[in-house]
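Trainee: Protein chains in written order, with our numbering: chain A, 1 to 250; chain B, 251 to 500.
From the three backbone atoms N, C-alpha and C, an ideal C-beta is built for every residue, glycine too.
Everything numeric in this text was worked out from a predicted model, so none of it was measured.
Sharing a structure here in structure tokens format.
Number of protein chains: 2
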Amino acid sequence: MKIVQSIERAFGILHELSKNSAGISELSRTTGLPTSTVARLLYSLEKTEAVEREGGKSVYRIGPSIVTMASSVNPTQRLLTAAQPHLRGLVEVLGEAAGLGIPAGYDVHYIGEIDSPHPIQIRDWTGTSLPMHIVPSGIIFLAHWPEEAVEAFLRHPLDRFTPKTVISPSEIRHRIVEAREKGHVWLFEEFSEGINSVAAPIFNHAGAVVGTLHSHGPSFRFPAESMEDVIANRVMQTASAISETLGHTQ
Amino acid sequence: MKIVQSIERAFGILHELSKNSAGISELSRTTGLPTSTVARLLYSLEKTEAVEREGGKSVYRIGPSIVTMASSVNPTQRLLTAAQPHLRGLVEVLGEAAGLGIPAGYDVHYIGEIDSPHPIQIRDWTGTSLPMHIVPSGIIFLAHWPEEAVEAFLRHPLDRFTPKTVISPSEIRHRIVEAREKGHVWLFEEFSEGINSVAAPIFNHAGAVVGTLHSHGPSFRFPAESMEDVIANRVMQTASAISETLGHTQ
DNA sequence: GTTGACTTCCCGTATAGTGGGAAATAGAGT
DNA sequence: ACTCTATTTCCCACTATACGGGAAGTCAAC
């Protein structure tokens with residue numbers, strides 16, 4: 001099918017405006033469209049309140065209807081939506097699956113994932129929940145809880161999932177401290193034998209952790225020899241980029 | 251000038267989608283457009299990431315580019331932008347000016363206002379700041395501060411602006427309590443003789459007060475005889491509507 | 001398998017968008 | 001105040017572009 005030209009162009013303009021407010025001729029330059037075309041499109045966008053004028057002058061910026069539409073997206077969907085392109089980028093770079101988790105009581109709930117391109121890959125956990133102490137995302141969440149909440153968590157029974165699962169409160173406390181320092185957590189085969197995983201926090205504008213970004217793969221190839229830190233940095237970097245995207249928003 | 255049809259229609263679709271995600275035929279029904287047209291527009295919107303498909307199926311919802319564009323709007327502008335239509339509505343109903351304030355230290359900073367249609371009207375305070383204790387918006391902000399912050403505020407010197415200005419800490423404390431109970435504050439000629447004003451809080455998703463909505467007018471006609479409560483309710487209602495619009499957003 | 005609801009695709013038509021250029025307006029410099 | 005330039009607004013003839021009816025394809029339920 002063929003894309004509707006005026007819509008493509010209109011969104012091109014909106015995209016420019018989301019970087020900087022601008023006038024007609026400036027937009028004409030950046031988009032390469034004739035001024036008359038830009039003027040007409042802006043007029044239409046203004047009528048639909050997708051853009052508004054700055055102080056009555058002919059300097060345009062993103063308008064109310066865009067804000068309203070975006071606010072109709074619920075927080076989880078919003079996180080997913082904002083993260084989507086970053087997830088794709090991460091999977092491309094690492095070659096392993098990347099996903100998002102949100103806290104749900106004492107569990108991490110997985111809300112989305114992009115699978116690795118490898119033929120051998122880990123099942124998609126989207127829609128399921130796992131206890132916080134066995135997955136790196138969980139440790140990340142715990143690391144941003146108040147001490148007393150963490151203590152309450154540690155008092156409740158912690159199941160062992162594999163021989164390597166750490167369930168000792170003192171060891172978990174230690175991991176939490178480390179998570180705060182490093183900004184990421186690696187766990188090796190603690191949830192399931194043969195799976196390694198790394199996670200980093202995603203923050204909202206207020207600095208609260210609203211979700212986690214993780215990447216995981218089969219332990220025989222992930223992480224590759226002495227690549228742990230490189231991978232972790234990449235994951236943290238992507239997580240910040242996602243935070244940034246959610247970012248400025250109220 | 252004539253509005254570009256496809257843009258108008260595209261935003262009609264986006265508007266529908268911001269209420270509910272939907273498929274092609276449903277949108278065709280709600281917008282009154284032929285399915286082929288809806289399909290083509292959606293295809294274009296999808297390519298620009300203004301919409302995305304829910305789970306790969308052909309159920310569409312608001313997409314990443316809308317969220318990204320909205321997040322590029324800074325919080326103050328965002329508040330203004332989101333509030334604009336509500337402000338207009340309020341001015342229409344009350345016939346008096348309505349405006350927005352944000353906290354700035356111990357002052358309220360006015361970021362926007364729509365003037366009353368009356369020939370006799372109050373000057374536009376946009377861009378200026380006033381001490382919290384003399385304007386109702388200020389009392390609203392104080393009412394949502396922690397006790398100790400309020401006490402610190404009350405310890406700093408409070409200027410008198412008119413004979414009616416209340417500067418006694420105990421009276422201000424009392425007003426703060428009342429503000430919390432009622433959700434609004436009326437002040438009569440405390441900032442300037444001949445001006446009465448009422449304000450209510452605007453909250454973000456997390457329940458924090460990010461701004462205030464106020465309405466003010468000359469004391470000889472505002473508030474009209476025994477209309478105080480009606481007006482206050484209207485202002486509170488509008489403030490909630492604005493909170494709602496900012497609302498769900500992260 | 002059959003039915004019905006929905007989506008995708010095709011293609012002829014003409015409407016609706018386009019862009020060049022002129023006119024009007026705003027802004028900067030002297 | 002006046003000129004010169006940059007920018008926006010308006011007009012209009014042209015045809016590229018969006019349109020929508022309808023057919024074909026897909027999917028799900030029964």
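1) Go ahead and pull the three-state DSSP assignment for Ile-7/A.
2) Which same chain residues end up closer than 6 Å to Gln-500/B when comparing Cβ atoms and leaving out the 5 residues on each side of it in sequence?
3) Taking 7 Å as the threshold (beta carbon to beta carbon), is Ala-70/A in contact with chain B?
4) For Glu-181/A, tell me which candidate among Ser-65/A, Met-132/A, Pro-201/A has the shortest Cα-Cα distance.
5) Can you find the residues in the same chain that come closer than 7 Å, C-beta to C-beta, to Asp-365/B, ignoring five residues on each side of it along the sequence?
6) With three or more C-beta pairs closer than 8 Å as the rule, is the stretch 48–65 of chain A touching the stretch 76–86 of chain A?
7) Comparing the C-beta of Val-301/B with each C-beta of chain A, is any distance below 7 Å?
8) Applying the 10 Å Cβ sphere with the 16-neighbour rule, what's the burial state of Thr-245/A?
9) Which value, in whole angstroms, describes the spacing of the CA atoms of His-498/B and Phe-220/A?
10) Can you give me the C-alpha to C-alpha distance between Val-416/B and Met-477/B, rounded to a whole angstrom?
11) From the DSSP output, read off the bridge partner residues of Arg-53/A.
12) Residues of chain A with a CB under 7 Å from the CB of Ser-275/B: which are they?
13) Excluding the five sequence neighbours on either side, which residues of its own chain have a C-beta within less than 7 Å of the C-beta of Met-473/B, listed in chain order?
14) Please name the residue in Ser-137/A, Leu-158/A, His-174/A whose C-alpha comes closest to that of Glu-147/A.
15) Please decide whether Ile-242/A counts as near chain B, where near means a Cβ-Cβ distance under 7 Å.
16) Against Ala-332/B, what residues of chain A qualify as contacts under a CB-to-CB distance less than 8 Å, listed in chain order?
17) Thinking His-133/A and Ile-172/A are a contact (beta carbons under 8 Å), I'd like their distance in whole angstroms, please.
18) I'd like the list of long-range same chain contacts for Ser-268/B, defined as Cβ closer than 7 Å, with 5 residues on each side in sequence excluded.
19) Name, going along the chain, the residues of the stretch 22–47 of chain A whose beta-carbon falls closer than 7 Å to a beta-carbon of chain B.
20) Counting only beta-carbon separations shorter than 7 Å, does Phe-203/A have a partner in chain B?
21) Could you name the residues of chain A that Glu-258/B contacts, counting a contact when the two beta carbons are closer than 9 Å?
22) Can you check whether the C-beta of Leu-100/A is within less than 7 Å of a C-beta belonging to chain B?
23) Interface residues of chain B around Thr-212/A at Cβ under 8 Å?
24) Using the Cβ count rule (16 or more neighbours within 10 Å means buried), how would you classify Gln-77/A?
25) From Leu-337/B to Gly-349/B, what does the alpha carbon distance come to, in whole angstroms?
26) Between the C-alpha atoms of Met-486/B and Val-135/A, what's the straight-line distance to the nearest angstrom?
27) Helix or strand or just coil, what does DSSP make of Glu-363/B?
28) Whose C-beta lies closer than 8 Å to the C-beta of Thr-126/A among residues of the same chain, with five residues either side of it excluded?
29) How about Val-264/B: is its C-beta nearer than 7 Å to some C-beta of chain A?
30) Could you tell me whether the Cβ of Phe-11/A comes closer than 7 Å to any Cβ of chain B?
31) Three-state secondary structure (DSSP) at His-144/A?
32) Rounded C-beta distance between Gly-262/B and Ile-352/B? I'm assuming under 8 Å.
33) Anyone know if the C-beta pair for Val-323/B and Ala-70/A falls short of 7 Å?
34) By how many angstroms is the C-alpha of His-214/A removed from the C-alpha of Ser-379/B?
35) Determine, for Ile-3/A, whether the minimum Cβ-Cβ distance to residues of chain B falls below 7 Å.
36) Just verifying my parser: in three-state terms, what is the DSSP assignment at Pro-284/B?
Mentor: In brief:
1) For the purposes of this step, residue 7/A is identified with residue 7 of the first sequence, where counting begins at 1. In the structure shown, Ile-7/A sits in a helix (DSSP, three-state: H, G or I).
2) Taking the first residue of the second sequence as position 1, residue 500/B is located at position 250. Per-residue confidence for Gln-500/B stands at a pLDDT of 33, beneath the threshold of 50, marking its modelled position as unreliable; the derived number appears in the next sentence. In its chain, beyond the 5 residues on either side, no residue has a beta carbon closer than 6 Å to the beta carbon of Gln-500/B.
3) Translated into the one-based positions of the first sequence, residue 70/A becomes position 70. Closer than 7 Å to some Cβ of chain B, the Cβ of Ala-70/A qualifies, so yes.
4) In the first sequence, residue 181/A corresponds to position 181, counting from 1. Among Ser-65/A, Met-132/A, Pro-201/A, the Cα nearest to that of Glu-181/A is on Pro-201/A.
5) For the purposes of this step, residue 365/B is identified with residue 115 of the second sequence, where counting begins at 1. Listed in chain order, the non-local C-beta contacts of Asp-365/B below 7 Å within the same chain comprise Ala-347, Gln-371, Asp-374, local neighbours out to five positions each way being set aside.
6) No, the stretch 76–86 of chain A is not in contact with the stretch 48–65 of chain A.
7) Within the second sequence, the letter at position 51 stands for residue 301/B. Taking Cβ atoms only, chain A never reaches closer than 7 Å to Val-301/B, which makes this a no.
8) Here residue 245/A refers to the residue found at position 245 of the first sequence. With 16 or more Cβ atoms within 10 Å of its Cβ, Thr-245/A is classed as buried.
9) Position 248 of the second sequence, counted from the start, is the residue given in the question as residue 498/B. Position 220 of the first sequence, counted from the start, is the residue given in the question as residue 220/A. In this prediction, His-498/B scores a pLDDT of 40, lower than 50, which makes its location untrustworthy; the coordinate-derived value is nonetheless stated afterwards. Using only the alpha carbons, I get a separation of about 43 Å.
10) Here the question's residue 416/B lines up with position 166 in the second sequence. Here the question's residue 477/B lines up with position 227 in the second sequence. Rounded to whole angstroms, Val-416/B to Met-477/B spans 23 Å at the Cα level.
11) As a working mapping, residue 53/A is identified with position 53 in the first sequence. Bridge partners of Arg-53/A according to DSSP: Tyr-60/A.
12) The residue you call residue 275/B lines up with position 25 of the second sequence. Chain A residues near Ser-275/B: none, gap ~17 Å exceeds 7 Å.
13) Walking along the second sequence from the start, residue 473/B turns up at place 223. Note that residue 473/B corresponds to Pro in the displayed sequence, not to Met. Cβ neighbours of Pro-473/B beyond the five flanking positions: Asn-446, Ile-481.
14) On the first sequence, residue 147/A is found 147 positions in, with the first residue counted as 1. Of Ser-137/A, Leu-158/A, His-174/A, the residue nearest in Cα terms is His-174/A.
15) For the purposes of this step, residue 242/A is taken as residue 242 along the first sequence, with counting starting at 1. Chain B contact via Cβ: absent.
16) Here residue 332/B refers to the residue found at position 82 of the second sequence. Pro-64, Val-67, Thr-68, Ser-71, listed in chain order.
17) The residue given as residue 133/A occupies position 133 in the first sequence. The residue given as residue 172/A occupies position 172 in the first sequence. At roughly 6 Å, the Cβ-Cβ gap stays under 8 Å, so His-133/A and Ile-172/A are in contact.
18) Taking the first residue of the second sequence as 1, we reach residue 268/B at position 18. Excluding positions up to five away in sequence, the list reads Ile-312.
19) Listed by position, the residues of the stretch 22–47 of chain A near chain B (Cβ gap below 7 Å) are Arg-40, Leu-41, Tyr-43, Ser-44, Leu-45, Lys-47.
20) The sequence position of residue 203/A within the first sequence is 203, counting from 1. So, not an interface residue.
21) Locating residue 258/B in the second sequence gives position 8, counting from the first residue. Those are Ser-44, Lys-47, Thr-48, listed as they occur along chain A.
22) On the first sequence, residue 100/A is found 100 positions in, with the first residue counted as 1. Leu-100/A does not count as touching chain B.
23) Reading the first sequence from its first residue, position 212 is the one you call residue 212/A. Those within 8 Å of Thr-212/A in chain B number zero; the least Cβ separation is about 15 Å.
24) For the purposes of this step, residue 77/A is identified with residue 77 of the first sequence, where counting begins at 1. Burial call: buried.
25) By one-based count along the second sequence, residue 337/B stands at place 87. By one-based count along the second sequence, residue 349/B stands at place 99. Taking the CA atoms as reference points, Leu-337/B sits about 7 Å from Gly-349/B.
26) Taking the second sequence and counting its residues from 1, the one referred to as residue 486/B is at position 236. Taking the first sequence and counting its residues from 1, the one referred to as residue 135/A is at position 135. So the two alpha carbons sit approximately 45 Å from each other.
27) The count along the second sequence starts at 1 and reaches residue 363/B at position 113. Of the three classes helix, strand and coil, the one that applies to Glu-363/B here is strand, per DSSP.
28) In the first sequence, counting from the first residue as 1, residue 126/A sits at position 126. Same-chain partners within the cutoff: Gly-99, Tyr-110, Ile-111, Gly-112, Glu-113.
29) To locate residue 264/B, count along the second sequence from 1; it is residue 14. According to the sequence displayed, residue 264/B carries Leu and not Val. Taking Cβ atoms only, chain A reaches closer than 7 Å to Leu-264/B, which makes this a yes.
30) By one-based count along the first sequence, residue 11/A stands at place 11. A Cβ of chain B is located within less than 7 Å of the beta carbon of Phe-11/A.
31) Along the first sequence, read from residue 1 onward, the residue named residue 144/A stands at position 144. In the structure shown, His-144/A sits in coil (DSSP, three-state: anything other than H, G, I, E or B).
32) By 1-based counting over the second sequence, the position of residue 262/B is 12. By 1-based counting over the second sequence, the position of residue 352/B is 102. Between Ile-352/B and Gly-262/B the Cβ distance is about 33 Å, and since that is not below 8 Å, they are no contact.
33) The count along the second sequence starts at 1 and reaches residue 323/B at position 73. The count along the first sequence starts at 1 and reaches residue 70/A at position 70. For Val-323/B and Ala-70/A, no; Cβs fall outside 7 Å.
34) In the second sequence, the residue the question calls residue 379/B occupies position 129. In the first sequence, the residue the question calls residue 214/A occupies position 214. Distance between the alpha carbons of Ser-379/B and His-214/A: 46 Å.
35) Along the first sequence, one-based indexing puts residue 3/A at 3. Yes - at least one Cβ of chain B is within 7 Å of the one on Ile-3/A.
36) Position 34 of the second sequence holds residue 284/B. Looking at Pro-284/B - three-state DSSP - the assignment turns out to be coil, as it is neither helix nor strand.
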